[in-house]
Amino acid sequence: MTLPDERARALRFSGEILREMQFRTDVPEDLKRRVRVTLRHYPEPVDLLRMIETAYWIPRSCLDQHWLVPEPDARIGGNSGSRKSGQADLGSS
Numbered sequence: 001m002t003l004p005d006e007r008a009r010a011l012r013f014s015g016e017i018l019r020e021m022q023f024r025t026d027v028p029e030d031l032k033r034r035v036r037v038t039l040r041h042y043p044e045p046v047d048l049l050r051m052i053e054t055a056y057w058i059p060r061s062c063l064d065q066h067w068l069v070p071e072p073d074a075r076i077g078g079n080s081g082s083r084k085s086g087q088a089d090l091g092s093s
């Protein structure tokens, strides 16, 4: 089961890789341009932290992005094998 903070960590690491790619001499210029466009709207670490904190308080019905939805029972460490009706099946990560 992937927790919101684990997803945020993966996003943070991805952002670090993209930022590093901007300045490497072995990365083609066309790829650097795509990296810059991607980073223009990429969340900063503080934004990721806010997403984690906020995700627990936003009703699941308001979250269109499944990767932002907290895992069932993740916050209280409940039984990850059981799902209440109405909870999204997020698949394995």
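Following this note's numbering, the numbering of the sequence shown begins with 1 at its first residue and continues without gaps.
Glycine is no exception: its CB is placed at the ideal position from the N, C-alpha and C atoms.
Distance CB(residue i)-CB(residue j) smaller than 8 Å
i	j	result
residue 48	residue 3	no
Contacting residues, own chain, Cβ-Cβ under 8 Å from residue i (five flanking each side not counted)
i	result
residue 143	Because residue 143 is not part of the residues shown, which for the chain are 1 to 93, the question remains open.
residue 32	21 and 22
residue 45	12 and 15
residue 8	48, 49, 51 and 52
residue 5	52
Local Cβ density within 10 Å of residue i, reported as buried at 16 or more and exposed below that
i	result
residue 35	buried
residue 50	exposed
residue 24	exposed
Host alpha helix (DSSP H) of residue i (start-end)
i	result
residue 39	29 to 40
residue 4	4 to 21
Sequence-distant residues of the same chain with beta carbon closer than 6 Å to residue i, five excluded per side
i	result
residue 42	15
residue 27	21
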